[in-house]
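2 protein chains.
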Amino acid sequence: MPPSGDLPALLAVSFRAVMDRVHTHLAAEGFGDVRPAHGFVFQYLSFHPHATAVELGEHLGITKQAAVQLIDELDRRGYVERHPHPTDRRSRAIGLTARGRACIERVVAHWQDIERRWAELIGEERVQRLRGDLATLTDDTAGGRPVPLRPLW
Amino acid sequence: MPPSGDLPALLAVSFRAVMDRVHTHLAAEGFGDVRPAHGFVFQYLSFHPHATAVELGEHLGITKQAAVQLIDELDRRGYVERHPHPTDRRSRAIGLTARGRACIERVVAHWQDIERRWAELIGEERVQRLRGDLATLTDDTAGGRPVPLRPLW
DNA sequence: ACCATCTAGTCAAGTAGGTTGTCTATATGC
DNA sequence: GCATATAGACAACCTACTTGACTAGATGGT
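Those protein sequence lines, which keep their order, are chains V and D.
Residues in the first sequence are numbered consecutively from 2, following the numbering used here.
Residues in the second sequence are numbered consecutively from 2, following the numbering used here.
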């Protein structure tokens, strides 16, 4: 049996379906002004508390200028704030505000809800395998290069 | 064990890794002027030979106007051509040219190469299960609504 | 200590890939 | 046969990104 070659489309629609669902719920909770990129920013910041714009840009797969614009926007909307960087006076350390923390808390909760729902449908071991396989295969496909988050379209 | 909540990122990077790889190979084969959206257009056209702009827009998750622009671009570059629609004189049936068929042939070949490589890594049954699970979970997450291909970012 | 080089962020302009709104011609259903 | 719906065209606009040039501060070699 030849491979059917529909995996790219499956990856695309699964991502889209998850993001749509999360966004719907967030909007109902008062976070209607965030898009997927913002969620990934929050997540990154919660694991890297003193991240800089350059760092974020690399993680997301956008230029540092675009990253700065993103941060500006989140700053204006009260999700993040900039502090002087502890060791490098050129840099500005980006931190989540209370509102930012509230939002990422909801984002992660929704991600986990979906994951739990999936575990109900196909079983927890299979979700674990899905996760593990995706990580393995992505890593191999990328050939060791870091893979940016932003989908090219 | 709580769900770890990294699945959205995994879906994003797996899609990105696959698309990057395919694009690299296509560029080396003389198809450097196509992006992921074009590949999905070609694929759709090869299964729906007389598709229209509206139809394509719905499939991709963009407006009909954006779909027309996309088709214009592919037309100018010689990948598709427009024919009078057999039954509806408002419509224009979009068809692949020889170059378009050559391109989608390569696209699908690369998709299948990746799938075969994945089968070497984790076994064919597990790739099949990955595919099936993704389809099931996407369907459930979307709640029956059709899911557009284009990733929101 | 000095100087060449590198790096973080800024400023400004440009572009890609969409969007919404409006219009015409054709199709469809009662 | 007429009201309504649909396909595509045209135009204006917008958002999220890009490239390029620049400044202030960091870094490393001699």
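C-beta: ideal position from N, C-alpha, C; glycine also.
What's the gap between the Cα of residue i and the Cα of residue j?
| i | j | result |
| --- | --- | --- |
| residue 37 of chain D | residue 81 of chain D | 16 Å |
| residue 88 of chain V | residue 12 of chain V | 41 Å |
| residue 26 of chain D | residue 64 of chain V | 24 Å |
| residue 92 of chain V | residue 86 of chain V | 5 Å |
| residue 148 of chain V | residue 90 of chain D | 46 Å |
| residue 8 of chain V | residue 112 of chain D | 8 Å |
| residue 43 of chain D | residue 127 of chain V | 33 Å |
| residue 97 of chain V | residue 143 of chain D | 31 Å |
| residue 135 of chain V | residue 72 of chain D | 33 Å |
| residue 123 of chain V | residue 103 of chain V | 31 Å |
| residue 154 of chain D | residue 46 of chain D | 26 Å |
| residue 23 of chain D | residue 70 of chain D | 23 Å |
Start and end of the alpha helix (DSSP H) containing residue i?
| i | result |
| --- | --- |
| residue 60 of chain V | 54 to 61 |
| residue 74 of chain D | 65 to 77 |
| residue 148 of chain D | It is not in any alpha helix (DSSP H) - residue 148 of chain D carries neither H nor E in the DSSP assignment. |
| residue 88 of chain V | That residue, residue 88 of chain V, is in no alpha helix (DSSP H); it is neither H nor E in DSSP. |
| residue 133 of chain V | 125 to 143 |
| residue 32 of chain D | Premise fails: residue 32 of chain D is in no alpha helix (DSSP H) and is neither H nor E. |
Would you say residue i faces chain V, with C-beta separation under 9 Å as the test?
| i | result |
| --- | --- |
| residue 44 of chain D | yes |
| residue 13 of chain D | yes |
| residue 5 of chain D | yes |
| residue 136 of chain D | yes |
| residue 27 of chain D | no |
| residue 115 of chain D | yes |
| residue 10 of chain D | yes |
| residue 32 of chain D | no |
| residue 58 of chain D | no |
| residue 67 of chain D | no |
| residue 52 of chain D | no |
| residue 64 of chain D | no |
| residue 75 of chain D | no |
| residue 131 of chain D | yes |
| residue 118 of chain D | yes |
| residue 35 of chain D | no |
Using a Cβ-Cβ cutoff of less than 8 Å, which residues in the same chain neighbour residue i once the five nearest sequence positions on both sides are dropped?
| i | result |
| --- | --- |
| residue 76 of chain V | 82 and 83 |
| residue 151 of chain V | 38, 61, 62 and 63 |
Kindly indicate if chain D contains any beta-carbon less than 9 Å away from that of residue i.
| i | result |
| --- | --- |
| residue 97 of chain V | no |
| residue 123 of chain V | yes |
| residue 16 of chain V | yes |
| residue 202 of chain V | With chain V running from 2 to 154 in the structure shown, residue 202 of chain V is simply not present. |
| residue 81 of chain V | no |
| residue 143 of chain V | yes |
| residue 155 of chain V | This structure leaves residue 155 of chain V out entirely; chain V is present only between 2 and 154. |
| residue 151 of chain V | yes |
| residue 24 of chain V | yes |
List the endpoints of the continuous beta strand (DSSP E) containing residue i.
| i | result |
| --- | --- |
| residue 96 of chain D | 93 to 97 |
| residue 82 of chain V | 81 to 85 |
Exposed or buried, which one is residue i when buried takes at least 16 other CB atoms within 10 Å?
| i | result |
| --- | --- |
| residue 99 of chain V | exposed |
| residue 5 of chain D | exposed |
| residue 107 of chain D | buried |
| residue 28 of chain V | exposed |
| residue 50 of chain D | exposed |
| residue 172 of chain D | Since the first residue shown for chain D is 2 and the last is 154, residue 172 of chain D is missing from the structure and cannot be characterised. |
| residue 17 of chain D | buried |
| residue 41 of chain V | buried |
Excluding five sequence neighbours on each side, which residues of the same chain lie with their C-beta closer than 6 Å to the C-beta of residue i?
| i | result |
| --- | --- |
| residue 119 of chain D | 128 |
| residue 53 of chain D | 92 |
| residue 20 of chain V | 37 |
What does a CB cutoff of less than 7 Å around residue i pick up in its chain, not counting 5 residues either side in sequence?
| i | result |
| --- | --- |
| residue 58 of chain D | 64, 65, 67 and 68 |
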